[in-house]
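Worksheet for the structure shown next.
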Amino acid sequence: MTVRVRGATKSFGRTTALDSVDLDAGQGVTGLLGPNGAGKTTLLRIIATVLAPDRGTVRLLGRDPSRPDDRTRIRERLGYLPQDAGFHRGFTVFEFVDYVAILKQMTDRRARHDEVRRVIGLTGLASVSAKRIRALSGGMRRRVGLAQALLGDPELLVLDEPTVGLDPEQRLRFREMISHAGEGRTVVLSSHQTEDIAALCTRIAVFHQGRVRFTGTPNELTAQAAGRVWAGTQRSAAALAAWRTGDGVYRNVGDPPAGAELIPPTLEDAYLLLMGEPDLEVTHS
Amino acid sequence: MTVWHLDPEAIRRYAQGIAPPGLAASAEAHLMKCVTCRDAIASHVDTRRVEAIWHEVVDRVDAPRPSWPERMLARLGVGEATARLVAATPTLRGPWLLGIAGVLALSVWAAQVDERLLRMLLVAAPLGPLAGVAFAFAGGLDPTREIGLAAPYSGLRLLLIRTAAVLAVTVPIVAAAGLALPGSHWLAAAWLLPTAGLTCAALVLTARMTPVVAVGVVATAWVLVTTPTAMAGHLDVAFGVGAQIFWLAVAVGGGLWLAVTRNTVTIKLGRSG
Amino acid sequence: MLTRSPDRREDAQLLAAIVDGDREAFAELYRRHLPWLLVRLGRRCSSPELVDEVVQDTFVVVWRSAGRWDGRGEVAAWIWGIGIRRLVDALRRGRPPGVELTGFAGVERSAEEHVLLAVQYGDVGAALASLSPELRAVVQATVLDGLTTREAARLLGIPPGTVKTRMMRARALLRERLA
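Residue numbers (this note's numbering), protein chains in the order written: chain Z, 5 to 289; chain X, 985 to 1257; chain E, 6 to 184.
Here it is, written out as structure tokens:
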């Protein structure tokens, strides 16, 4: 396992952001799913060695990030896209990625520039590499964030909400890049988009209020909703969530209305059921 | 547009450099105006050479153009990568420097109006560089801090690089302000060692707290101790010979401690790092 | 990088796009203008390494100062102006040993061939070809390459005064032969 977290607990003041969380992640894409504030970012920051848990143990790439030496070794093999990846806005794309490459201790100028060009090419930014970041769209900036995370071909890639703020086409492009990145290395990402998770992840952990509610494959999560999703001509008052779909049929998750028939569930249905709250914020498109 | 074109044989000879002067001269005059003939030359030029030059051009076009501080540092023998890090220090962006300079200019003016304020200026002088160090690590000013925290680059090294950069810029500003003061010039230099000592103390504290908090602690202590004595006219307590030796010792001690513990102590550049 | 579908934009449009940081426009401009520039500068300097360096510099300058093209005349002529001046600068910085100026002297061909080509390319070409290599070099540097007397002097490695006197002699001879 590239990532092994046991009993990780983290509080900020009186708020418990993470409450005794376990997580394993190996090769492939592992997704953390959950509403905002569920603890995904806190856990990702711990996995990115930026944050130390108050309690619990963490092993990354077989090493212990609480030891300074180990932590440096881990960081040499780690790529991290933070949630609010900031940029020096006056930098060009190339300058910014080059700056991060220096922080990643690539000192040889020539080799570093080649590597910067490589990740810029991988993320489809070659044609804008000389543009200032402040002139780029949000989607392009997200790509710049991904480009810097890919520097040095890291074995562990930590991506916090990589697809947030992207339009549908850009999201597809991002999925391609991430699934490509997931070949032969470990990717841990967070999202509150069930579609992204379903499309990308080999394993999922569902977070709610600082705890892990589910771990398993996307299919296992979807299977949890089997027998609980109904299509009918009316809305069920007792359903956890019910909405009228495009073809005029009500989709009821949870308790069925009279005369409804069972239909195959989706990952989103299962997620809704797991969260168990009808007024929960869930994004679907 | 021209209607006639160089014949393929003429182009071949020109491209291979074996055209006689008359032909070469007319070919060159023609080429300036004729897209077709310019394109025709391309097939006589080694593709690998074209690609190789392109690679070099692209590298130079992409590569960040060193700013003047970077060029200056390079001349002083600082590595290219380190010079880039220095140039990206958030505090070194214009507004903060203008801020520090503005506050000092105001203090100098005030000191000329009231002599007690002159002493206060000595108290305030070290705060400029210290504030610069704190700003260099304030989350809101360093947008890439989170990425930097996850990078293997040594936190202590980054701390020292930025601190040195901030001091190199702010100390001359404060010194200039000091020289603008009325009275003896020792006053204008009396704050230097205290500043060095305070900065080193703050750096040592980053093993326990973030730079912003560390600077806050040190600066608060400094102000609380020196303000009452300075106002009472006892400048010797903080700036006399004994005090100067004390600050020198603090600076040297702090530096030594950082050097000795550099591999074992974790510098807290960010919250809960 | 350099092989892609043809770009239909005019050179001037490419320059405008380069001002906005358009890398594809830059690649296209390079594809169009590198070959002839390489050949033309190659005729003025015997060191291919130095020519490569000068051409590199030239395109870096094109990228950085595309906005300074005044929109008049051919973009090719503008690029040439940058290129030839870079060459002059490079030579001034110190001519590496063994680097000689060629091209102006021309490669001597049979007299017969000279005459044939001169006929084909008109009187001026013929008149030029009939000048001595020294005079021709001066005419070429000042008239065809568009250099100032001082720049031509640097390029040819002779004093500016010599450029002026040679130019006067060349002018007189040309007038005579074209009359």
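Think of the CB as a built atom: it goes at the ideal place given N, C-alpha and C, for glycine as much as any other residue.
Chain B contacts from the segment 1054-1075 of chain X (Cβ-Cβ distance under 9 Å) | Annotation note: the requested chain B is absent from the structure, which comprises protein chains Z, X and E.
Looking only at C-alpha atoms, which of Thr190(Z), Tyr84(Z), Asp273(Z), His117(Z) sits nearest to Arg147(Z)?
-> Translated into the one-based positions of the first sequence, residue 147(Z) becomes position 143. Of the listed residues, the one whose Cα sits closest to Arg147(Z) is Tyr84(Z).
If you scan the segment 68-98 of chain Z from start to end, which runs of the alpha helix (DSSP H) of 4 or more residues do you find wholly inside it?
-> 72-80
Buried versus exposed call for His119(E) [16 or more other C-beta atoms within 10 Å across all chains shown] = Against the third sequence, residue 119(E) aligns to sequence position 114. Unreliable placement is indicated for His119(E), whose pLDDT of 42 sits below 50; the coordinate value is still reported in the next sentence. So His119(E) ends up on the buried side.
Would you tell me roughly how many angstroms separate the C-alpha atoms of Ile1025(X) and Tyr998(X), rounded to the nearest one?
-> Reading the second sequence from its first residue, position 41 is the one you call residue 1025(X). Reading the second sequence from its first residue, position 14 is the one you call residue 998(X). Cα to Cα, the separation comes out at about 9 Å.
Got a sec? Which residues, its chain only, sit under 7 Å from Gly41(Z) by beta carbon, not counting five neighbours each side?
-> The sequence position of residue 41(Z) within the first sequence is 37, counting from 1. Correct list: empty, nothing qualifies.
Beta strand (DSSP E) containing Thr249(Z): first to last residue?
-> The residue given as residue 249(Z) occupies position 245 in the first sequence. Element bounds for Thr249(Z): n/a, residue is neither H nor E.
Is the Cβ of His1028(X) closer than 9 Å to any Cβ of chain E?
-> Your numbering for residue 1028(X) matches position 44 in the second sequence. Closer than 9 Å to some Cβ of chain E, the Cβ of His1028(X) qualifies, so yes.
Let me know the secondary structure DSSP gives Gly32(Z) once reduced to three states.
-> The residue you call residue 32(Z) lines up with position 28 of the first sequence. Residue state, collapsed to three classes: strand.
Could you name the residues of the segment 33-65 of chain Z whose beta carbon sits closer than 7 Å to any beta carbon of chain X, in the order they occur along the chain?
-> Ala52, Thr53, Val54, Leu55, Ala56
Should Tyr1137(X) be flagged as near chain E, meaning a C-beta pair shorter than 9 Å?
-> Mapped onto the second sequence, residue 1137(X) falls at position 153. It does not; no Cβ of chain E falls within 9 Å.
CB contact flag (Val1150(X), Gly1181(X), <9 Å) | Along the second sequence, one-based indexing puts residue 1150(X) at 166. Along the second sequence, one-based indexing puts residue 1181(X) at 197. No, the pair does not count as a contact, with Cβ atoms beyond the cut-off.
Please state if the CB of Thr34(Z) and the CB of Val191(Z) are separated by a distance shorter than 9 Å.
-> In the first sequence, counting from the first residue as 1, residue 191(Z) sits at position 187. In the first sequence, counting from the first residue as 1, residue 34(Z) sits at position 30. In contact: Val191(Z) and Thr34(Z) (Cβ atoms closer than 9 Å).
Can you give me the Cβ contacts of Thr63(E) inside the same chain, cut-off strictly under 6 Å, excluding the 5 residues immediately before and after it?
-> Residue numbering aside, residue 63(E) sits at position 58 when the third sequence is read from its first letter. Around Thr63(E): Ile87, Gly88, Arg91.
Is it true that the segment 1049-1066 of chain X meets the segment 34-48 of chain E, where meeting means three or more beta-carbon pairs spaced less than 8 Å apart?
-> no
With C-beta atoms as the reference, is Leu129(Z) less than 9 Å away from Phe218(Z)?
-> Reading the first sequence from its first residue, position 125 is the one you call residue 129(Z). Reading the first sequence from its first residue, position 214 is the one you call residue 218(Z). Not a contact, by the Cβ cut-off of 9 Å.
Can a CB atom of chain Z be found closer than 9 Å to the CB of Ile1037(X)?
-> Indexing the second sequence from 1 puts residue 1037(X) at position 53. No, Ile1037(X) does not count as interfacial toward chain Z.
Helix, strand or coil for Gly11(Z) per DSSP?
-> Walking along the first sequence from the start, residue 11(Z) turns up at place 7. Gly11(Z) falls in the strand class under three-state DSSP.
Answer yes or no: does any C-beta atom of chain E fall closer than 9 Å to that of Ser194(Z)?
-> Residue numbering aside, residue 194(Z) sits at position 190 when the first sequence is read from its first letter. By this cut-off, Ser194(Z) is not an interface position.
Please decide whether Ile106(Z) counts as near chain X, where near means a Cβ-Cβ distance under 9 Å.
-> The count along the first sequence starts at 1 and reaches residue 106(Z) at position 102. Ile106(Z) counts as touching chain X.
Proximity to Leu170(Z) [Cα-Cα], best of Glu180(Z), Thr76(Z), Ser141(Z), Ala115(Z) = Numbered from its first residue, the first sequence carries residue 170(Z) at position 166. That would be Ser141(Z), whose Cα lies nearest to the Cα of Leu170(Z).
Could you name the residues that DSSP lists as bridge partners for Ala235(Z)?
-> As a first step, residue 235(Z) must be located in the first sequence, where it is residue number 231. Answer is Arg255(Z), Glu265(Z), bridged to Ala235(Z).
Given a threshold of 16 other Cβ atoms within 10 Å of its Cβ, counted over all protein chains shown, does Pro1004(X) qualify as buried or as exposed?
-> Counted from its first residue, the second sequence places residue 1004(X) at position 20. Buried: at least 16 other Cβ atoms inside 10 Å.
Using the rule of at least 16 other Cβ atoms within 10 Å of the residue's Cβ for burial, across every protein chain shown, is Trp1052(X) buried or exposed?
-> Here residue 1052(X) corresponds to residue number 68 of the second sequence, with the count starting at 1. It counts as exposed.
Could you tell me the boundaries of the alpha helix (DSSP H) in which Val1042(X) lies?
-> For the purposes of this step, residue 1042(X) is identified with residue 58 of the second sequence, where counting begins at 1. It spans 1031-1046 - the alpha helix (DSSP H) in which Val1042(X) sits, taken as one unbroken run.
Cβ of Ala1152(X) within 9 Å of Cβ of Asp57(E)?
-> One-based indexing of the second sequence puts residue 1152(X) at position 168. One-based indexing of the third sequence puts residue 57(E) at position 52. No, they are not a contact pair.
CA-to-CA distance, Cys1184(X) to Ala1243(X), given in whole angstroms = For the purposes of this step, residue 1243(X) is taken as the residue at position 259 of the second sequence. For the purposes of this step, residue 1184(X) is taken as the residue at position 200 of the second sequence. About 12 Å.
Contiguous alpha helix (DSSP H) assignments of at least 4 residues, all confined to the segment 1043-1072 of chain X | 1052-1059, 1064-1071
Apply the 10 Å Cβ neighbour rule to Thr111(Z) and answer buried if 16 or more other Cβ atoms are within range, or exposed otherwise.
-> Here the question's residue 111(Z) lines up with position 107 in the first sequence. Burial call: exposed.
Contacting positions in the segment 13-26 of chain Z - beta carbon closer than 9 Å to chain X = Lys14, Phe16
CB-CB length for Gln152(Z) against Val101(Z), believed under 8 Å | For the purposes of this step, residue 152(Z) is taken as residue 148 along the first sequence, with counting starting at 1. For the purposes of this step, residue 101(Z) is taken as residue 97 along the first sequence, with counting starting at 1. At roughly 5 Å, the Cβ-Cβ gap stays under 8 Å, so Gln152(Z) and Val101(Z) are in contact.
Given a cut-off of 9 Å, decide if Leu55(Z) and Thr6(Z) are closer than it, judged by their beta-carbon atoms.
-> In the first sequence, the residue the question calls residue 6(Z) occupies position 2. In the first sequence, the residue the question calls residue 55(Z) occupies position 51. No, they are not a contact pair.
Between the C-alpha atoms of Thr1066(X) and Val123(Z), what's the straight-line distance to the nearest angstrom?
-> In the second sequence, residue 1066(X) corresponds to position 82, counting from 1. In the first sequence, residue 123(Z) corresponds to position 119, counting from 1. The straight-line gap from Cα to Cα measures roughly 22 Å.
Assuming Arg179(Z) contacts Ala203(Z) (C-beta within less than 8 Å), just tell me the rounded distance between them.
-> Counting from 1 along the first sequence, the entry for residue 179(Z) is found at position 175. Counting from 1 along the first sequence, the entry for residue 203(Z) is found at position 199. With a Cβ gap of about 6 Å, Arg179(Z) and Ala203(Z) count as contacting.
Taking the runs of the alpha helix (DSSP H) that are 4 residues or longer, which of them lie wholly in the segment 100-172 of chain Z?
-> 113-126, 142-153
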